[in-house]
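Report on one structure; see the data block that follows.
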Amino acid sequence: MSAAEEERAEEEEEEETQPVDLIGNRLKEDVVSRGRRGQGSPAHIPLSLQVQPPDPASIRVLRGHQLPVTCLVISPDDRFIFSASKDGSLIKWDVESGKRLCVVPGGKKGTEEQHMGHASHVLCMAISSDGKYLATGDRNKLIMIWDTVTCKRLHIFTGHRDAVSGLSFRKGTHQLYSASHDRCVKVWNVAENAYVETLFGHQDVVTGLDSLSRECCVTAGGRDGTVRLWKIPEESQLVFYGHQGSIDCIQLINEEHMVSGADDGSVALWGLTKKKPLALARQAHGMQDAQGLQQPYWISAVAALRNSDLLATGSHSASVKLWKCGEGFRKLEPLWDIPLVGFVNSLKFSAAGDFLVAGIGQEHRLGRWWRVKEAKNSICIIPLKGRAAAPSPEVPDSS
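Note that this note's numbering has the sequence shown beginning at 609, numbered continuously upward.
See below:
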């Protein structure tokens, strides 16, 4: 029982640090009710019922990258977006105005030291939960650490033997996890510019990675067909099976559930204690006619609004899909389609749950299998408005 109580305390502490937003009051109510019932499961906020279908005309499009956008993150205070591209560039955007606040251009291979930017495709990025550090990873095996305020580069981590494809900071710390096409996961201490350790287990390129508050991370293993949970202190891993194709994207929903997507067109919901999916949506974005053959649209991005039942998935099917996690995460129910043309290479919900950001490209993040010529390499900000409800007490804005 002590472990369960400690786990519950960690989750409640995490939930109570959320900003005042769509889910803030609901979280507090849920924590109280869980305490009364003595339950240890994470907060599960039925937000999907409170969000209206977005108006396509309200989507804002930000242009700045020359080549496909591959990854993006939103600052913890929801004021800024950082994005990167196959052109090697890194851009900091102001959410409210849509203006570019900082641009670090890409350069030629071998010039990383001179021009302070990436010289190859940037494939992934992560921001620390205090908003201090930004980490970016590229095809040249490099991880770069940036000051989020000035966009100055602070450090370069080397050690991976192939493209860096996934990054995540452990929440509440400056511990960084990285995943690579070299099949390894590495742990770094960014505050001390230090390498910590390497984790082995995947049999193919690792395509994605995520983490939350616990000292563990989850990874998508591409064509080895597995999702893995790495328990860092125990030096152990749990292996999950469920997709038929290459697993290309993954995100934690809360400390006990995650969502992943694969090129067989499936989206899977997982509990971290079950080796098979709790729910699986096959052909989640439908079928496409590729060279005379019917194939599922690949799932290229997944996103979860933390501690809620709201998910988003992306492909190149001309729409982003919003989903509801059913009771006990055992159902995946489609809500709406949001029209967006191109490869959806990255998706992120704002912390407040009031907007969703998509990174769009003419090509897939990891290759050039198809090209959607009519797509714009861009950042799309999709407003998510709550349904009309009883007015809640005004909370003074502390920003």
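Note that the Cβ used here is the ideal one computed from N, Cα and C, for glycine as well.
Note that the structure is a prediction, hence the values are computed from the model and not measured.
Alpha-carbon to alpha-carbon, residue j and residue i
| i | j | result |
| --- | --- | --- |
| residue 894 | residue 931 | 15 Å |
| residue 853 | residue 892 | 14 Å |
| residue 754 | residue 762 | 5 Å |
| residue 1009 | residue 757 | The structure shown does not extend to residue 1009, since the chain spans only 609 to 1007, so no value can be given for it. |
| residue 963 | residue 704 | 11 Å |
| residue 746 | residue 772 | 5 Å |
| residue 658 | residue 908 | 26 Å |
| residue 569 | residue 858 | It is not possible to answer for residue 569, since the shown part of the chain is limited to 609 through 1007. |
| residue 923 | residue 987 | 15 Å |
| residue 783 | residue 798 | 6 Å |
| residue 831 | residue 655 | 33 Å |
| residue 968 | residue 936 | 32 Å |
| residue 698 | residue 979 | 22 Å |
| residue 899 | residue 870 | 20 Å |
| residue 680 | residue 839 | 26 Å |
| residue 691 | residue 716 | 19 Å |
| residue 947 | residue 665 | 10 Å |
| residue 951 | residue 668 | 17 Å |
| residue 811 | residue 803 | 23 Å |
| residue 977 | residue 971 | 8 Å |
| residue 991 | residue 687 | 14 Å |
| residue 941 | residue 934 | 7 Å |
Where the beta strand (DSSP E) through residue i begins and ends
| i | result |
| --- | --- |
| residue 682 | 677-682 |
| residue 671 | 668-671 |
| residue 834 | 834-839 |
| residue 824 | 824-828 |
| residue 921 | 918-922 |
| residue 700 | 698-702 |
| residue 898 | 895-898 |
| residue 845 | 844-849 |
| residue 733 | 730-735 |
Sub-9 Å separation of residue i and residue j beta-carbons
| i | j | result |
| --- | --- | --- |
| residue 880 | residue 887 | no |
| residue 828 | residue 816 | yes |
| residue 890 | residue 917 | no |
| residue 709 | residue 726 | no |
| residue 696 | residue 713 | yes |
| residue 965 | residue 957 | yes |
| residue 789 | residue 813 | yes |
| residue 792 | residue 769 | yes |
| residue 701 | residue 694 | no |
| residue 730 | residue 678 | yes |
| residue 984 | residue 671 | yes |
Helix, strand or coil at residue i [DSSP, three-state]
| i | result |
| --- | --- |
| residue 993 | coil |
| residue 951 | strand |
| residue 937 | helix |
| residue 713 | coil |
| residue 821 | coil |
| residue 942 | strand |
| residue 904 | strand |
| residue 958 | coil |
| residue 665 | helix |
| residue 880 | coil |
| residue 691 | strand |
| residue 656 | helix |
| residue 759 | coil |
| residue 808 | coil |
| residue 865 | strand |
| residue 872 | coil |
| residue 772 | strand |
| residue 797 | strand |
| residue 988 | strand |
| residue 780 | coil |
Beta-carbon contacts of residue i that lie in its chain and below 6 Å, excluding the five residues immediately before and after
| i | result |
| --- | --- |
| residue 734 | 743, 775, 776, 777 |
| residue 805 | 795 |
| residue 945 | 927, 929 |
| residue 912 | 859, 861, 867, 919 |
| residue 902 | 895 |
| residue 818 | 776, 826, 858, 859, 860 |
| residue 989 | 668, 963, 965 |
| residue 752 | 744, 761, 764 |
Beta-carbon contacts of residue i that lie in its chain and below 8 Å, excluding the five residues immediately before and after
| i | result |
| --- | --- |
| residue 993 | 659, 660, 662, 962 |
| residue 724 | 712, 760, 761 |
| residue 955 | 909, 910, 911, 920, 921, 922, 928, 964, 965, 966, 967 |
7 Å CB neighbourhood of residue i in its chain, flanking five on each side removed
| i | result |
| --- | --- |
| residue 837 | 824, 826, 845, 846, 880 |
| residue 737 | 684, 777, 779, 780 |
Any non-hydrogen atom of the ligand NAP within 8 Å of residue i CB
| i | result |
| --- | --- |
| residue 819 | The model depicted lacks the ligand NAP and carries no ligand whatsoever. |
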